[in-house]
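Enquirer: Supplied in structure tokens, the structure appears directly below.
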Amino acid sequence: MTLLASRDEADRTAPPARGTPADPRWVRPSLAALLLATAVLYLWNLGESGWANAFYSAAAQAGSLSWKALFFGSSDAANAITVDKTPAALWVMTLSARLFGVDAWSILVPQALMGVGSVALLYAAVRRTSGPAAGLLAGTVLALTPAAALMFRFNNPDALLVLLLTAGAYCVVRALEKASPRWLVLAGVAVGFGFLAKMLQAFLVLPAFGIAYLIAAPTSPGKRLLHLLGALSATLISAGWYLAVVALWPAADRPYIGGSQENSLWELAFGYNGLGRITGDEVGSVGGSPNGGWGGTGWDRLFGDEMAGGIAWLLPAAAVALAAGLWFTRRAPRTDRGRAALIVWGGWFVVTAVVFSYMGGIIHAYYMIALAPAVAALVGIAGTQLWRARGNPAAAGTLSAGIGLTALTAYLLLSRQSDWLPGLAIAVLVAGLLCAFLVFFASRLPDMARRLVAVGALVTVLAGTGVYTVATAATPHSGALPSAGPDTNRGMRMGGGLLGTSLPGDELAALIRQDSANYTWAAATVGSNNAAGYQLGSGAPVMAVGGFNGTDPAPTLEQFQEYVRKGRIHYFLGEGMMMRGETGSDAAERIAAWVADNYEPTTVDGVTVYDLSR
Numbered sequence: 005m006t007l008l009a010s011r012d013e014a015d016r017t018a019p020p021a022r023g024t025p026a027d028p029r030w031v032r033p034s035l036a037a038l039l040l041a042t043a044v045l046y047l048w049n050l051g052e053s054g055w056a057n058a059f060y061s062a063a064a065q066a067g068s069l070s071w072k073a074l075f076f077g078s079s080d081a082a083n084a085i086t087v088d089k090t091p092a093a094l095w096v097m098t099l100s101a102r103l104f105g106v107d108a109w110s111i112l113v114p115q116a117l118m119g120v121g122s123v124a125l126l127y128a129a130v131r132r133t134s135g136p137a138a139g140l141l142a143g144t145v146l147a148l149t150p151a152a153a154l155m156f157r158f159n160n161p162d163a164l165l166v167l168l169l170t171a172g173a174y175c176v177v178r179a180l181e182k183a184s185p186r187w188l189v190l191a192g193v194a195v196g197f198g199f200l201a202k203m204l205q206a207f208l209v210l211p212a213f214g215i216a217y218l219i220a221a222p223t224s225p226g227k228r229l230l231h232l233l234g235a236l237s238a239t240l241i242s243a244g245w246y247l248a249v250v251a252l253w254p255a256a257d258r259p260y261i262g263g264s265q266e267n268s269l270w271e272l273a274f275g276y277n278g279l280g281r282i283t284g285d286e287v288g289s290v291g292g293s294p295n296g297g298w299g300g301t302g303w304d305r306l307f308g309d310e311m312a313g314g315i316a317w318l319l320p321a322a323a324v325a326l327a328a329g330l331w332f333t334r335r336a337p338r339t340d341r342g343r344a345a346l347i348v349w350g351g352w353f354v355v356t357a358v359v360f361s362y363m364g365g366i367i368h369a370y371y372m373i374a375l376a377p378a379v380a381a382l383v384g385i386a387g388t389q390l391w392r393a394r395g396n397p398a399a400a401g402t403l404s405a406g407i408g409l410t411a412l413t414a415y416l417l418l419s420r421q422s423d424w425l426p427g428l429a430i431a432v433l434v435a436g437l438l439c440a441f442l443v444f445f446a447s448r449l450p451d452m453a454r455r456l457v458a459v460g461a462l463v464t465v466l467a468g469t470g471v472y473t474v475a476t477a478a479t480p481h482s483g484a485l486p487s488a489g490p491d492t493n494r495g496m497r498m499g500g501g502l503l504g505t506s507l508p509g510d511e512l513a514a515l516i517r518q519d520s521a522n523y524t525w526a527a528a529t530v531g532s533n534n535a536a537g538y539q540l541g542s543g544a545p546v547m548a549v550g551g552f553n554g555t556d557p558a559p560t561l562e563q564f565q566e567y568v569r570k571g572r573i574h575y576f577l578g579e580g581m582m583m584r585g586e587t588g589s590d591a592a593e594r595i596a597a598w599v600a601d602n603y604e605p606t607t608v609d610g611v612t613v614y615d616l617s618r
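So this note's numbering is basically just the index in the sequence shown, starting at one, shifted up by 4.
Dropping the structure here:
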């Protein structure tokens, strides 16, 4: 038996993969309490964020009016251009909007429910290999990760991505139990649909899933390879069918693919949203570049000011957990499920962390949610197993070190905002170091004292990330670049521009709506975020000239002139804007200049308006 045994060896009170004995009586109430608390945390006062990311809310509004807009993920109901992602996350929001009406709650509640589902799936996956206590700890850590609270209360695609990848990991864990090709194929389907939420980022978990099955599945090498090929085929089919449909659909009968320069979803998936995110060579981006335009890269990137608040609280503990788990299970049989679980979650953790640390293209702080399930699972698995093995000095020392390191990390992160909850940082550090010391000697303590030490250590480990998560959930967030933490200035609405959205005043909204039924687009403006605000405020289709960054060649100047000649666009809003990127199309600039040269401007609610019907 290895020092860190699998669940079936270490926790005889927990059920096997199937059948009896039943869980201890405390498990179901504890799980119910965890899921209820998660739901409250993610749903409480959710409407305060308004439209959240108006870019996606406007697309959901468009899809509620047009099935074609729903299928393609169009920014407007007249289907001028799509958002710059595959639309799986929009399908969920849009169907909710169709059922319950277009408002903040119908768009954001599905995201919160995805968070509850992710916690439940993580619990189920970890429980199968390490017992219910480990599953509950993992689920709690995920729920109390600031990046998770941020995204499960927001309408970016990341919520659906994490739900699907966690479902994929659960399926892999099930497949490893009896070398089940059916469960492995389901894992491939989950990852494939994750691609339809956020493209190539979904595939970062594939190395971990494949290696774990190749090493640990209880069947012959030939069958392991055959099963993996079947799962890979399922992934490619579930991801590729949509790309194939869009490629075969006549371009004249669908919206332009936003984020691409050639009206191609393949280009979007493997360029701007694919390898370009790694290399920084993203045509049409307004910030990324081959020279690292999105900030410095390196091993410490995730601990920098931008990223750390969302995820760094338990990153060192997760690294210690992975290293210790693999060391203590080094002599386990090939098919040991405990070690296989470490490979699944550890591989997810390592690959994603390395990519995020060194990618040279677009990266934002909220991407860190993709690390949260892996971090939570590693902490849950190793934390409970090391506690069970506390009589061994090596296990007790490792657990003690993890607790102390977590307390130090929380102290350093909290000290960066010394004016927020002053005194918390030093309190967490002192309590953490005391608990770390007591944990090392826990096996020699009386039962009651040992329980108190365990509770104290658990509270200390979760204190920093928990308080920061609650602060994140209590802060309304909107705009394109939300970030975790209590500072409302970073996550709140920004004014007009490419990355912010402002709703129009009453007079302008009424003007846009005026005679809108007589036009294909009630208005046009440069940039998707600007268009989203006008569209949400007026309820009428607004063309996003140039797509998200204003650098897509959609429409061209000639196409725009033809639309105007045929009376399909009523107003042009704004002066246009200078493109900040060095690549991409200048069509939007040319359109804005042509409008300014040929039409008289007026000002309504502080916005320059050109009436193209005159």
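No residue lacks a Cβ here, since even glycine has one placed at the ideal position from N, Cα and C.
1) Based on the DSSP output, what are the partners of P605 in its beta bridges?
2) Leaving out five residues before and five after R454 in sequence, what residues of the same chain have Cβ atoms less than 6 Å from its Cβ?
3) Strictly by DSSP, which residues pair up with W525?
4) Considering only residues of the same chain and omitting the five flanking positions on each side of L45, which have a CB-CB separation below 7 Å?
5) Under 8 Å Cβ to Cβ from G302, same chain only, skipping five residues before and after it: list those, please.
6) Report the start-end ranges of each beta strand (DSSP E) in the stretch 380–410 that is 3 residues or longer and not cut off at the edges.
7) Using the C-alpha atoms, what's the distance from L416 back to V250?
8) Taking M363 as part of the alpha helix (DSSP H), name the residues at either end of that continuous run.
9) Mark L167 as exposed unless 16 or more other C-beta atoms lie within 10 angstroms of its C-beta, in which case mark it buried.
10) A548 by DSSP, collapsed to three states: which one?
11) Does the distance from the C-beta atom of A467 to that of V443 stay below 7 Å?
12) For the stretch 255–273 and the stretch 84–103, state whether three or more C-beta atom pairs, one from each stretch, are separated by less than 8 Å.
13) Can you find the residues in the same chain that come closer than 7 Å, C-beta to C-beta, to Y631, ignoring five residues on each side of it along the sequence?
14) Alpha carbon to alpha carbon, what distance is there between T339 and A216?
15) Is M547 closer than 7 Å to A528 when the C-beta atoms are compared?
16) Of the residues N534, A526, L69, which one's Cα is nearest the Cα of L616?
17) Are there 16 or more other CB atoms within 10 angstroms of the CB of A544, so buried, or fewer, so exposed?
18) Counting pairs of Cβ atoms below 8 Å between the stretch 57–67 and the stretch 531–539, do you hit three or more?
19) Can you list, in chain order, the residues of its chain whose CB lies under 8 Å from that of S419, leaving out five sequence neighbours each side?
20) Would you list the one or two residues that DSSP bridges to V250?
21) What are the boundary residues of the alpha helix (DSSP H) that includes W331?
22) Can you tell me whether D609 is buried or exposed? The criterion is at least 16 other CB atoms within 10 Å of its CB, across all chains shown.
23) Within its chain, find whatever has a CB closer than 6 Å to the CB of Y603; leave out the 5 residues flanking it on each side and keep chain order.
24) What residue range does the alpha helix (DSSP H) around L190 cover?
25) Any idea what DSSP makes of S78, helix, strand or coil?
26) I'd like to check one pair, N83 with A73: are the Cβ atoms closer than 7 Å?
27) By DSSP, does I261 sit in helix, in strand, or in coil?
28) Indicate the three-state DSSP secondary structure (helix, strand or coil) for V87 in the structure shown.
29) Short of 6 Å in beta carbon distance, which residues of its chain neighbour I282, apart from the five on each side in sequence? Order them along the chain.
30) Measure the C-alpha to C-alpha separation of A93 and A163 and round it to an integer number of angstroms.
31) Starting from the C-beta of G192, find all residues in its chain whose C-beta is less than 6 Å away, skip the five residues before and the five after it, and write them out in chain order.
32) How do the stretch 471–490 and the stretch 366–377 stand: do at least 3 beta-carbon pairs fall below 8 Å, yes or no?
33) Since V145 and V354 are thought to touch, with beta carbons under 8 Å apart, how far apart are those beta carbons, to the nearest angstrom?
34) If distances are taken between C-alpha atoms only, which option among A440, W331, S482, E562 comes closest to A108?
35) Would you please state the rounded distance, in angstroms, between the beta carbons of V195 and L233? I believe it to be under 8 Å.
36) Excluding the five sequence neighbours on either side, which residues of its own chain have a C-beta within less than 7 Å of the C-beta of V465, listed in chain order?
Expert: Inspection of the coordinates gives the following:
1) P605 pairs with Y614.
2) Same-chain partners within the cutoff: A446.
3) Answer is I573, bridged to W525.
4) So the qualifying residues of the chain are A147, A153, A477.
5) Cβ within range, chain order: S361, Y362.
6) Listed in chain order, nothing qualifies, since the stretch 380–410 has no complete beta strand (DSSP E) run of 3 or more residues.
7) Each residue's alpha carbon lies about 48 Å from the other.
8) DSSP places M363 in no alpha helix (DSSP H); its state is neither H nor E.
9) So L167 ends up on the buried side.
10) The three-state secondary structure of A548, taken from DSSP, is strand.
11) Contact flag unset, no.
12) Three or more beta-carbon pairs separated by less than 8 Å link the stretch 255–273 to the stretch 84–103, which places the two stretches in contact.
13) Since the first residue shown for the chain is 5 and the last is 618, residue 631 is missing from the structure and cannot be characterised.
14) Distance from the CA atom of A216 to the CA atom of T339, rounded to whole angstroms, is 10 Å.
15) M547 is positioned such that its CB atom lies closer than 7 Å to that of A528.
16) With distances taken between Cα atoms, L616 lies closest to A526.
17) Classification for A544: buried.
18) These segments touch.
19) So the qualifying residues of the chain are A429.
20) According to DSSP, V250 bridges with nothing at all.
21) Going by DSSP, W331 is part of the alpha helix (DSSP H) stretching over 319–332.
22) Here D609 is exposed, its C-beta having fewer than 16 other C-beta atoms within 10 Å.
23) So the list reads Y614, once near-sequence residues are dropped.
24) From DSSP, the alpha helix (DSSP H) with L190 extends over 185–202.
25) In the structure shown, S78 sits in a strand (DSSP, three-state: E or B).
26) Between A73 and N83, the CB-CB gap stays under 7 Å.
27) Coil at I261, not helix or strand.
28) In the structure shown, V87 adopts coil according to DSSP, grouped into three states.
29) So the qualifying residues of the chain are M363.
30) If I take the Cα positions, the gap works out to 8 Å.
31) For G192, where only same-chain residues beyond five positions count, the Cβ hits under 6 Å are A235, A238, T239.
32) By the Cβ test, the stretch 471–490 is in contact with the stretch 366–377, since at least three Cβ pairs between them sit closer than 8 Å.
33) Rounded to the nearest angstrom, the Cβ distance from V145 to V354 is 18 Å, too far for a contact under 8 Å.
34) When only C-alpha atoms are compared, the closest one is S482.
35) That belief does not hold up - the Cβ atoms of V195 and L233 are roughly 15 Å apart, past 8 Å.
36) Non-local C-beta neighbours of V465 in its own chain, meaning closer than 7 Å and more than five positions away in sequence, comprise I407, T410, ordered along the chain.
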